[in-house]
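Asks: Let me begin by handing over the structure; questions about it come next.
Numbering (our numbering), first residue to last: 2 to 216.
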């Protein structure tokens, strides 16, 4: 890394090629186990756009409705033509928990098939953690995307801040606060896309050294 001034790839990895690419990120309050936003930045033959589904009230019905709409959106794409990218196992874990809470919305088998598909990729756990070393002290979404030159629009782009904003919105119903949360989530989805693009470029110039990384 010192010699190359950049990341070092020591294992080959694959990225699916699909007609529809979705970059996925959720916002949730772990103190309540409550998922309040599902965001997707999509790249399709029709162009790029951000799609989101939000729970505007802090109750199970609102959470369930947002979850249902997010799944309807995901399942509207042909599975063999859609790739789903996310960063770390959090989204998968929370979707499994939501399925247990709302089994009438989706079956356990459907959730398992969604995330076990070869077209579903956890960029951190499946690729970066196993195959790439970066000249960074942290491999968080924020750190890796920032290293690649991506910048969030908000001056305080942290997940903990998003939770505070959501509770402020619940108290005030101020749509400007809601839009701040949506913009933050959209930027998280775009950051995931930026990392995926960087990995595509790295895959083209893999440097494998059996001396330093024996099989």
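Cβ atoms here follow ideal geometry from the backbone N, Cα and C, with glycine treated the same way.
The model shown is predicted, which means the values in this text are computed figures rather than measured ones.
Looking at residue 28 and residue 16, is the spacing between their C-beta atoms short of 8 angstroms?
Replies: Going by C-beta atoms, residue 16 is not nearer than 8 angstroms to residue 28.
Asks: According to the neighbour-count rule (16 or more other Cβ atoms, all chains shown, within 10 Å of its Cβ), is residue 134 buried or exposed?
Replies: Result: exposed.
Asks: Can you grab the Cα-Cα spacing for the pair residue 209 / residue 12, in whole Å?
Replies: For residue 209, the pLDDT reaches just 42, beneath the cut-off of 50, and the residue's location in the model is therefore unreliable, although a value from the coordinates is still provided. When rounded, the distance between both Cα atoms is 7 angstroms.
Asks: Going along the chain, which unbroken runs of the alpha helix (DSSP H) with 4 or more residues stay wholly within the stretch 116-190?
Replies: Taking only runs of at least 4 residues, the alpha helix (DSSP H) segments lying wholly in the stretch 116-190 are 142-148, 160-173.
Asks: Output the distance between the C-alpha atoms of residue 116 and residue 24, rounded to the nearest integer angstrom.
Replies: The alpha-carbon atoms of residue 116 and residue 24 are separated by roughly 13 angstroms.
Asks: Ignoring anything shorter than 3 residues, give me the beta strand (DSSP E) runs that lie fully in the stretch 47-110, in order along the chain.
Replies: Qualifying beta strand (DSSP E) stretches, in chain order: 48-55, 83-87.
Asks: To the nearest angstrom, report how far apart residue 197 and residue 186 are at their CA atoms.
Replies: Taking the straight line joining both Cα atoms gives about 17 angstroms.
Asks: Do you know how far the Cα of residue 191 is from the Cα of residue 78?
Replies: Going by the C-alpha atoms only, they are around 20 angstroms apart.
Asks: In the structure shown, what three-state DSSP assignment does residue 45 receive?
Replies: Of the three classes helix, strand and coil, the one that applies to residue 45 here is strand, per DSSP.
Asks: With distances taken Cα to Cα, identify the nearest neighbour of residue 147 among 166, 189, 172, 167.
Replies: If we check each option's Cα against that of residue 147, 189 comes out closest.
Asks: Quick check on the burial criterion: 16 or more other C-beta atoms within 10 angstroms. Buried or exposed for residue 76?
Replies: The residue is exposed, with fewer than 16 neighbouring Cβ atoms inside 10 Å.
Asks: Sorted by chain position, which residues of the same chain lie with C-beta nearer than 6 angstroms to residue 178's C-beta, five sequence neighbours on each side aside?
Replies: Hits under 6 angstroms: 166, 169, 170.
Asks: Kindly give me the distance between the Cβ atoms of residue 72 and residue 107, rounded to whole angstroms, as I take these residues to be in contact under 8 angstroms.
Replies: At roughly 5 angstroms, the Cβ-Cβ gap stays under 8 angstroms, so residue 72 and residue 107 are in contact.
Asks: Expressed to the nearest angstrom, what Euclidean distance is found between the alpha-carbon atoms of residue 145 and residue 65?
Replies: Rounded to whole angstroms, residue 145 to residue 65 spans 32 angstroms at the Cα level.
Asks: I need the boundaries of the beta strand (DSSP E) containing residue 21, first residue and last residue.
Replies: Where residue 21 is concerned, the enclosing beta strand (DSSP E) stretches over 21-30.
Asks: Could you tell me which residues DSSP pairs with residue 38 in its beta bridges?
Replies: According to DSSP, residue 38 bridges with 28, 55.
Asks: Just how far apart, CA to CA, sit residue 18 and residue 119?
Replies: If you take the alpha carbons of residue 18 and residue 119, they lie about 10 angstroms apart.
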